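A.B. asks:
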Amino acid sequence: MTRSFGGPWPALPLSASFRIDVEPSPPAVPADIEQEITHLWQQACATTPALFNGCVFSASCVTRTVIKGYWTEYRRVFAQMKNPALFPFLRLQPLAVVGLVLTPDGYVLGRRNPSSIYQGNFWQSPPAGSIEKRTDAESINLAEQILAEATEELGLDAKNLQVEQPLMAVRHPHTRVLDIGLVLKTRLNFEKVEESWKQHANKEYDMLACVPAKNVATWLEQNAILPTSQYLLQHEQKSKTLRTI
8 MTRSFGGPWP ALPLSASFRI DVEPSPPAVP ADIEQEITHL WQQACATTPA
58 LFNGCVFSAS CVTRTVIKGY WTEYRRVFAQ MKNPALFPFL RLQPLAVVGL
108 VLTPDGYVLG RRNPSSIYQG NFWQSPPAGS IEKRTDAESI NLAEQILAEA
158 TEELGLDAKN LQVEQPLMAV RHPHTRVLDI GLVLKTRLNF EKVEESWKQH
208 ANKEYDMLAC VPAKNVATWL EQNAILPTSQ YLLQHEQKSK TLRTI
């Protein structure tokens with residue numbers, strides 16, 4: 008684990024048979040807790056009207072083989088992030104996906120827009136984002152989730168990306184967000200990826216960079232890269248080393 012970025016970011020390697028099970032939501036919280044959630048959300052919406060109360064997934068049990076959890080409102084997650092004292096009542100561990108795109112030229116990193124609600128200015132491996140309920144289905148398809156983020160953040164779709172199996176679960180300190188890290192491969196060179204990003208993507212990142220495998224160690228030393236992306240880069244470097252032995 009790494010102790011930068013506000014505390015330890017523990018990483019759990021996931022098994023090849025890893026799955027996500029969806030369970031029923033827990034009972035309603037006490038009225039005063041619900042009132043605090045509503046207050047924090049209304050306050051945030053007054054400042055940022057574009058905030059959307061979607062349906063996101065929270066983990067209740069995490070192991071190498073399975074994550075169990077349930078769907079909940081984003082406003083609850085937001086309130087817990089704003090007021091960590093709510094955790095004993097809500098116990099939310101929102102699930103997210105973080106991908107590392109490998110092009111023929113190297114790995115793709117993006118600098119998070121300074122205006123981002125969470126972790127602005129840090130470098131990260133896109134695509135990344137919360138696991139959301141995008142259809143009526145209750146089950147979770149990680150490939151569909153990461154590809155939806157790739158379309159939004161890079162302008163790339165399933166025709167240009169191959170999604171590998173999940174590698175790790177990484178917990179953020181304080182917010183208790185759980186990242187599911189995985190690798191995506193593309194035949195597009197970095198120039199094409201960057202062109203797609205400029206033409207079709209949202210403003211999640213204000214800059215993209217291509218990091219050749221030989222430069223990964225230098226990048227890790229010299230740049231503020233979020234730990235989940237660090238772990239994915241390190242995993243890839245280790246895997247390449249093992250393949251050459």
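For what it's worth, the numbering used here labels the leading residue of the sequence shown as 8, then goes sequentially. Every residue gets a Cβ at the ideal spot worked out from N, C-alpha and C, and that includes glycine. Model, not experiment: these values are computed from the prediction.
Of all the alpha helix (DSSP H) runs that stay within the bounds of the region 171-217, which reach a length of 4 or more residues?
C.D. replies: Whole alpha helix (DSSP H) segments, 4+ residues: 197-207.
A.B. asks: Should the region 191-204 be regarded as contacting the region 82-95, the criterion being three or more beta carbon pairs within less than 8 Å?
C.D. replies: no
A.B. asks: Among 36, 161, 21, which residue has its Cα nearest to the Cα of residue 79?
C.D. replies: As a working note, residue 79 is residue 72 in the sequence shown. It is 36 whose Cα lies nearest to the Cα of residue 79.
A.B. asks: Helix, strand or coil: how does DSSP classify residue 64 here?
C.D. replies: Taking the sequence shown and counting its residues from 1, the one referred to as residue 64 is at position 57. Correct three-state label for residue 64: strand.
A.B. asks: Excluding five sequence neighbours on each side, which residues of the same chain lie with their C-beta closer than 7 Å to the C-beta of residue 21?
C.D. replies: Within the sequence shown, the letter at position 14 stands for residue 21. Closer than 7 Å at the Cβ level, and outside the excluded window around residue 21, lie 71, 173, 174, 175, 176.
A.B. asks: Return yes when the C-beta of residue 185 is under 7 Å from any heavy atom of the ligand GTP, and no when it is not.
C.D. replies: This structure does not include the ligand GTP; it has no bound ligands of any sort.
A.B. asks: Distance check for residue 46 and residue 105, CA to CA, integer angstroms please.
C.D. replies: Locating residue 105 in the sequence shown gives position 98, where the first residue counts as 1. Locating residue 46 in the sequence shown gives position 39, where the first residue counts as 1. Computed Cα separation, rounded: 30 Å.
A.B. asks: Quick check on the burial criterion: 16 or more other C-beta atoms within 10 angstroms. Buried or exposed for residue 85?
C.D. replies: Locating residue 85 in the sequence shown gives position 78, where the first residue counts as 1. By the neighbour-count rule (16 or more Cβ atoms within 10 Å), residue 85 is buried.
A.B. asks: Taking 7 Å as the limit between beta carbons, can you name the residues of its chain near residue 10, skipping five residues before and five after?
C.D. replies: Taking the sequence shown and counting its residues from 1, the one referred to as residue 10 is at position 3. Low per-residue confidence applies at residue 10: pLDDT is 42, beneath 50, and the placement is therefore not dependable enough to give any value.
A.B. asks: Go ahead and label residue 14 buried or exposed: buried means 16 or more other beta carbons lie within 10 angstroms of its beta carbon, across all protein chains shown.
C.D. replies: Numbered from 1 along the sequence shown, position 7 holds the residue referred to as residue 14. Exposed: under 16 other Cβ atoms inside 10 Å.
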